[in-house]
Structure formats: C-alpha cells, structure tokens
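Visitor: Residue numbers (the working numbering): 16 to 581. Note that the Cβ used here is the ideal one computed from N, Cα and C, for glycine as well. Source: prediction; values computed, not measured. Quick one: structure below, then a few questions.
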C-alpha cells in the first residue's frame with residue numbers, strides 16, 4: 016500500500032513538473048480555494064457565540080460592571096443597558112474576578128435553573144436538582160481560578176420555617192486543591208470564594224458561614240477580617256461555630272471517601288447533613304471496686320492462671336474476756352438508771368462465771384478512682400440524606416449506533432435494594448451510627464437530570480460524524496480531481512498523437528509523391544534540380560531508412576523514448 020502511494024506521488028510530481036506555468040498557476044489557485052473553503056467551513060462549524068454574563072441589570076449595575084470589565088481588559092458586548100455578553104471560555108473567570116471585588120449583582124444566581132422542567136417531579140427531586148445545579152455552578156467558577164486545580168463545594172440547607180425569626184442560616188464548606196507551584200491563597204482570593212458562594216445561594220447564606228479548607232482539612236478562611244477589625248478575639252459562639260463546621264467538613268469528607276470507592280463522584284449528592292452538638296462541660300468521677308488479683312494470667316498459656324480473692328485482710332484484732340467467782344448483784348429499776356442512789360450492797364455468795372470474745376478484721380479490695388473530663392463538645396445526633404444516581408446511557412439503534420434524537424430520553428438503570436443497603440451501611444460506618452442517640456440515615460436512588468450532558472455527547476458525536484463525511488467528501492473530490500486530470504492528460508496526448516500521425520502521414524505522402532516525381536523524371540531523362548533543403552532531407556531520409564534496416568532494435572528504442580517524453 017505504501018509503494019502504491021509513493022509511486023502515485025512520484026507520478027504526480029513528474030506530471031506537475033512537465034506542466035507549463037499557466038497550468039501550474041491554475042492548479043495552485045484551485046488547491047488554495049479548496050484549502051480556504053475547508054478552513055472557513057471548520058471555523059464556522061466550530062465557532063461558539065457569546066453567552067450572557069448578566070441580564071436584567073439596572074443602569075447603576077450596568078455602569079459599574081462595564082467600567083470594571085474595561086479596567087480588567089475583558090472583551091464584552093452589550094444588548095441595550097440591561098444585558099452583558101462575554102466569550103464562553105471567559106465567563107467563569109470574569110464571575111470569579113467580580114466576586115473578589117464584591118461586584119456580583121444581587122439576585123443573579125449565576126446559572127439558569129430548571130431550564131427543563133417536568134410536571135411529574137416531586138419536591139424532593141426539585142431540591143436535589145437545585146442543590147446539584149447550585150454546587151456544580153459554584154464549583155465550576157472556583158476551579159476557573161489559575162491557582163486552583165480542583166474544588167469541592169457542599170452546601171447545608173436547613174429546613175424553612177414559617178417565622179422569619181426562627182429561620183436557620185445556611186452553611187457551606189469549600190475544599191480547594193492548589194495547583195503545583197502555589198503554596199496558599201491570598202486573603203483576597205479566599206474572600207472572593209466566600210462572597211461567590213454567598214451571593215450564589217442568596218440571603219440565607221452569609222459570607223461568614225462559608226468555610227474554606229485546603230486538601231489537608233485545614234481551615235484557611237479563619238483569618239482576621241481586614242474590612243472590620245485588624246485583630247479580633249473569637250467569642251465562645253464563634254469558637255463553637257468553627258469547630259462544628261470543622262466536624263461537618265470532616266464528616267462530609269469521610270462520607271464521600273467511603274462512597275467514592277464504589278460510585279463515581281458525579282453520581283453522589285449529599286442532600287442534607289445535620290449535626291447536633293452538646294457543649295456542656297462534663298466532669299465525672301468514677302470509683303470501681305473489684306477483686307484482688309493474687310496472680311495474673313500468663314497470656315502464653317491456653318488456659319487462665321489468674322488467681323483472685325474477694326478481699327485481703329489488712330488488719331485484725333481479737334479480744335477475749337473470762338470471769339469466774341463471786342460478784343455483786345445488780346439492783347435498781349431495770350432499764351435506765353434510777354434517781355435514787357443505791358445503798359450499800361452485800362456480797363452475793365452465789366458463784367458466777369462468764370466468757371466474752373471479740374474478733375475485728377479489716378478487709379481490703381481493689382479500688383480504682385477516675386476523674387473524667389468530657390470533650391469540649393459532644394455530638395448528640397446526626398442525620399444524613401444522600402441521593403445516588405443510577406447508570407445512564409444513550410439509546411441505541413438496531414445497528415448499534417447511538418440514537419441522536421434529542422426527544423428520546425437516556426436509558427436509566429436503577430440501583431437495586433441490595434446496593435442501596437450497602438451504601439447505607441457505608442454511610443453508617445462513616446458517621447459512627449448510634450441508634451440510641453437518634454441518628455438517621457437515608458440513601459435513595461434518584462436519577463439525576465443529565466440532559467445537558469447527553470446533549471453535549473450527542474453534539475460531539477454528530478460533529479465527529481460530520482467531520483468524517485467532510486473528510487470523505489474531500490477525499491472523493493481530490494480523487495475525482497486527480498482522475499479528471501489524468502483523463503485530461505491522456506485525451507490531450509491522444510489528440511496530439513493523432514495530429515502528429517496525420518501530419519507525418521501527410522508528409523510521408525508528399526515525400527512519396529515527390530520521390531515518384533523524381534523517379535519518373537529520372538526515367539524520362541529529365542534533369543531535376545533540388546534545393547539544398549530538399550537534398551538534405553532526402554539524404555537524411557535515406558540514412559534513416561538504411562539505419563532502420565541495419566539496426567531495427569535501436570531505432571525502436573529511440574522511438575519509445577521520444578513517445579515517453581511527449
């Protein structure tokens with residue numbers, strides 16, 4: 016196959032070198048037109064229009080944003096005085112830069128939410144869609160920063176209340192991975208991330224409730240506020256808030272790491288994570304009593320050699336009393352002593368005897384006293400709600416190719432009950448699930464809305480097919496041009512050969528007539544005078560005929576060479 020193309024290329028070069036200047040110019044112009052056409056076609060097919068940066072702006076916001084974009088040097092277009100359009104590849108960078116300057120318009124979420132709605136969607140599915148759209152858009156803007164390669168955004172949304180004074184503010188956690196060559200983010204960049212997340216969510220999320228951590232779990236948003244105070248001591252409430260947020264971030268990381276070992280990150284969405292803390296400082300004193308161990312167990316033996324006793328005698332006292340003989344008989348009222356003093360008593364002649372013995376033993380047992388101080392906080396309850404996407408794929412045609420019809424939904428494969436149970440067990444282990452404290456874990460299979468993703472896959476596949484068709488058409492055109500050129504050259508050579516053959520036949524006929532005339536004149540004895548040119552031609556012809564008779568092979572080779580050159 017390679018030799019064929021090499022020979023073909025050599026023949027093309029050989030034919031091209033034999034062309035005159037006019038034909039070379041024509042071929043060059045045709046090739047240039049074809050090349051420019053392909054370039055224009057590729058440029059038009061691959062070009063992307065400008066996208067909307069912000070819409071529905073008032074005059075003040077439009078003036079501030081346009082002035083700031085001019086200062087930053089970004090190209091933009093405007094539609095009236097309420098809409099600003101920018102290039103698609105610069106939109107995320109511009110939004111991040113404006114967030115750093117706190118110039119994002121209020122009420123602009125940064126993405127178009129619920130472009131595709133379904134009347135059968137439940138409130139839970141809408142919450143999941145909103146959370147995915149919100150975190151995905153914010154994460155995309157953060158990753159557009161030059162010194163950040165990857166970012167993870169988690170937003171904890173508390174339940175709504177009918178009373179405004181009972182509304183619990185939202186909290187958010189952002190984990191950033193720095194690009195190689197960058198040690199840390201500046202305070203201005205960190206504040207830009209905090210303002211970006213806060214403005215994207217709305218009034219329920221304040222910038223102070225956004226925690227930014229690095230890939231090692233260190234909180235990098237815990238710095239002095241340059242806008243308010245140069246130095247500020249944290250109050251007890253702020254101290255607790257930081258520690259609670261740090262605990263939430265760690266728990267989110269543990270849950271994600273456990274699930275990402277089985278499922279891809281884009282299939283996992285932590286919808287809600289609530290942690291209740293008890294900040295009561297508790298000190299306990301524990302006293303344990305146990306038996307006295309006389310001999311400890313030897314762990315090298317398969318049986319127990321431990322010898323225990325309930326107690327040990329620490330001290331012992333024995334008292335013995337013995338009386339024998341005559342004594343005095345007691346008198347008076349029985350019970351308490353009488354107020355009447357006793358009189359003289361006489362000795363009792365009766366013989367008396369008694370014995371008394373008293374044994375006192377102090378026993379000792381093992382006693383362990385522990386003074387326990389609890390941690391500064393205790394997790395009293397954890398509730399987690401997680402949505403996991405199933406597997407999706409584009410529908411296929413009977414021949415196996417993708418069906419590019421956008422009206423057809425992707426094929427969805429739901430998770431089985433066993434898979435959901437395994438995922439729930441993983442989450443329970445990650446949060447140290449304790450049923451006694453009222454922990455709750457909910458893991459459900461919800462098909463995520465990936466319409467935009469599958470449409471991009473369809474567009475990419477369609478572009479590849481179009482490119483294949485264009486390349487095939489171009490190849491056919493080049494082959495047709497080459498074949499046409501070869502046919503043109505062949506026909507031209509054939510016409511030239513026939514013209515020369517006619518001319519040679521005519522010249523030969525004239526020569527024969529001339530020779531016949533000369534021969535007839537010689538036979539009749541007429542002296543015919545020939546010109547020098549005719550005489551030289553006659554001699555040359557006779558020499559050629561003689562050479563053809565003597566060396567026919569050389570003459571044939573010479574003729575072949577002449578024909579090849581023509």
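Are residue 171 and residue 289 close, meaning C-beta to C-beta below 9 Å?
Guide: Here residue 171 is taken as the residue at index 156 of the chain shown, counted from 1. Here residue 289 is taken as the residue at index 274 of the chain shown, counted from 1. Cβ atoms of residue 171 and residue 289: closer than 9 Å.
Visitor: Under a Cβ-count criterion, where at least 16 other Cβ atoms within 10 Å of its own Cβ denotes burial, should residue 3 be classed as buried or exposed?
Guide: The structure shown does not extend to residue 3, since the chain is modelled only from 16 through 581, so no value can be given for it.
Visitor: How many Å lie between residue 100 and residue 463 at the Cα?
Guide: Your numbering for residue 100 matches position 85 in the chain shown. Your numbering for residue 463 matches position 448 in the chain shown. Straight-line Cα distance between these residues: approximately 29 Å.
Visitor: From 396, 442 and 300, pick the residue whose C-alpha is nearest to that of residue 385; which is it?
Guide: Start at 1 with the first residue of the chain shown, and residue 385 comes out as number 370. Here the closest residue by C-alpha is 300.
Visitor: Between the segment 319-328 and the segment 426-442, do at least 3 Cβ pairs fall closer than 8 Å?
Guide: The segment 319-328 is not in contact with the segment 426-442.
Visitor: Unbroken alpha helix (DSSP H) runs of length 4 or more, entirely within the segment 456-524: which are they?
Guide: You should have found no qualifying run.
Visitor: What's the call for residue 487, buried or exposed, on a 16-neighbour Cβ count within 10 Å?
Guide: Working through the chain shown from its first residue, we reach residue 487 at position 472. Label assigned to residue 487: exposed.
Visitor: Does residue 338 pass the burial test, meaning 16 or more other C-beta atoms within 10 Å, or should it be called exposed?
Guide: Translated into the one-based positions of the chain shown, residue 338 becomes position 323. It counts as exposed.
Visitor: Pick helix, strand or coil for residue 217, following the three-state DSSP scheme.
Guide: Taking the chain shown and counting its residues from 1, one reaches residue 217 at position 202. Here residue 217 sits in coil by DSSP.
Visitor: Using the Cα positions of residue 52 and residue 102, report the straight-line distance between them to the nearest angstrom.
Guide: Residue mapping note: residue 52 aligns to position 37 of the chain shown, counting from 1. Residue mapping note: residue 102 aligns to position 87 of the chain shown, counting from 1. So the alpha carbons of these two residues sit roughly 25 Å apart.
Visitor: For the alpha helix (DSSP H) that residue 324 lies in, which residues bound it at each end?
Guide: The residue given as residue 324 occupies position 309 in the chain shown. Residue 324 -> not in any alpha helix (DSSP H); beta strand (DSSP E) instead, spanning 322-324.
Visitor: Using the Cα positions of residue 25 and residue 521, report the straight-line distance between them to the nearest angstrom.
Guide: Here residue 25 is taken as the residue at index 10 of the chain shown, counted from 1. Here residue 521 is taken as the residue at index 506 of the chain shown, counted from 1. Roughly 38 Å between the two C-alpha positions.
Visitor: Where does residue 260 land, buried or exposed, given buried means 16+ other C-beta within 10 angstroms?
Guide: Locating residue 260 in the chain shown gives position 245, counting from the first residue. Its Cβ being crowded by 16 or more others within 10 Å, residue 260 is buried.
Visitor: Over the uninterrupted beta strand (DSSP E) stretch that includes residue 293, give me the two end residues.
Guide: Along the chain shown, read from residue 1 onward, the residue named residue 293 stands at position 278. It spans 283-293 - the beta strand (DSSP E) in which residue 293 sits, taken as one unbroken run.
Visitor: In three-state terms, what does DSSP make of residue 440?
Guide: Numbered from 1 along the chain shown, position 425 holds the residue referred to as residue 440. Note: residue 440 maps to helix in three-state DSSP.
Visitor: What distance in whole Å lies between the Cβ atoms of residue 114 and residue 210, which are believed to be in contact at a cut-off of 8 Å?
Guide: To locate residue 210, count along the chain shown from 1; it is residue 195. To locate residue 114, count along the chain shown from 1; it is residue 99. That belief holds up - the Cβ atoms of residue 210 and residue 114 are roughly 5 Å apart, short of 8 Å.
Visitor: Would you tell me roughly how many angstroms separate the C-alpha atoms of residue 227 and residue 263, rounded to the nearest one?
Guide: Here residue 227 refers to the residue found at position 212 when the chain shown is read from its first residue. Here residue 263 refers to the residue found at position 248 when the chain shown is read from its first residue. Looking at the two C-alpha atoms, the distance is approximately 12 Å.
Visitor: Which residues bound the beta strand (DSSP E) around residue 393?
Guide: Here residue 393 refers to the residue found at position 378 when the chain shown is read from its first residue. Segment 393-403, the beta strand (DSSP E) holding residue 393.
Visitor: In terms of DSSP beta bridges, what is residue 100 paired with?
Guide: Taking the first residue of the chain shown as 1, we reach residue 100 at position 85. BP columns for residue 100 point to 67 and 92.
Visitor: Please list, in chain order, all residues of the same chain as residue 375 whose beta carbon is under 6 Å from its beta carbon, the five residues on each side excluded.
Guide: As a working note, residue 375 is residue 360 in the chain shown. Counting only Cβ-Cβ distances below 6 Å, and skipping sequence neighbours, we find 332.
Visitor: So, is residue 232 buried or exposed, given that buried needs 16 or more other C-beta atoms within 10 angstroms?
Guide: Your numbering for residue 232 matches position 217 in the chain shown. With fewer than 16 other Cβ atoms within 10 Å, it is exposed.
Visitor: Pick out whichever of 369, 321 and 315 has its Cα sitting closest to the Cα of residue 340.
Guide: Here the question's residue 340 lines up with position 325 in the chain shown. Nearest option by C-alpha distance: 369.
Visitor: Name the one or two DSSP bridge partners that residue 384 has.
Guide: Position 369 of the chain shown, counted from the start, is the residue given in the question as residue 384. Paired residue(s): 302.
Visitor: For the putative contact between residue 230 and residue 192, defined by C-beta atoms under 8 Å, what is the C-beta separation to the nearest angstrom?
Guide: The residue labelled residue 230 in the question sits at position 215 within the chain shown. The residue labelled residue 192 in the question sits at position 177 within the chain shown. Rounded, the Cβ-Cβ distance is 5 Å, consistent with contact.
Visitor: Around the C-beta of residue 563, are 16 or more other C-beta atoms found within 10 angstroms, so that it is buried, or is it exposed?
Guide: Your numbering for residue 563 matches position 548 in the chain shown. By the 10 Å Cβ count, residue 563 comes out exposed.
Visitor: On the DSSP bridge assignment, give the partners of residue 272 in chain order.
Guide: Taking the first residue of the chain shown as position 1, residue 272 is located at position 257. Partner(s): none; residue 272 has no beta bridge.
Visitor: Once DSSP output is grouped into helix, strand and coil, what is the label at residue 199?
Guide: The residue you call residue 199 lines up with position 184 of the chain shown. DSSP places residue 199 in coil when its eight states are reduced to three.
Visitor: Quick one: is residue 69 buried, meaning 16 or more other Cβ sit within 10 Å of its Cβ, or exposed?
Guide: Here residue 69 corresponds to residue number 54 of the chain shown, with the count starting at 1. It counts as buried.
Visitor: Quick one: does residue 451 have its CB under 9 Å from some CB of chain D?
Guide: Any reference to chain D falls outside this structure, which holds one protein chain only.
Visitor: Within 10 angstroms of its Cβ, does residue 185 collect 16 or more other Cβ (buried), or is it exposed?
Guide: Position 170 of the chain shown holds residue 185. Counting Cβ neighbours within 10 Å, residue 185 comes out buried, since at least 16 surround it.
Visitor: From residue 234 to residue 199, what distance separates their C-alpha atoms?
Guide: Here residue 234 refers to the residue found at position 219 of the chain shown. Here residue 199 refers to the residue found at position 184 of the chain shown. Residue 234 and residue 199: Cα-Cα distance of roughly 12 Å.
Visitor: Count the other C-beta atoms from every protein chain shown that fall within 10 angstroms of the C-beta of residue 432, then say buried if there are 16 or more, exposed otherwise.
Guide: Position 417 of the chain shown, counting from 1, holds the residue named residue 432. It is exposed - the Cβ of residue 432 has fewer than 16 other Cβ atoms within 10 Å.
Visitor: I'd like to know whether the C-beta atoms of residue 403 and residue 283 end up nearer to each other than 9 Å.
Guide: Counting from 1 along the chain shown, the entry for residue 403 is found at position 388. Counting from 1 along the chain shown, the entry for residue 283 is found at position 268. Yes, these two residues count as a Cβ contact at 9 Å.
Visitor: How is the alpha helix (DSSP H) around residue 15 delimited, first residue to last?
Guide: Residue 15 falls outside the range modelled here, since the chain spans only 16 to 581, and no answer is possible.
Visitor: Could you pull the DSSP bridge partners for residue 182 from this structure?
Guide: What you label residue 182 is simply residue 167 of the chain shown in a count that begins at 1. None; residue 182 has no bridge partner.
Visitor: For residue 510, collect the residues of the same chain with a Cβ closer than 8 Å to its Cβ; drop the 5 residues on either side in sequence, then sort them by chain order.
Guide: Mapped onto the chain shown, residue 510 falls at position 495. Answer for residue 510: no residue qualifies.
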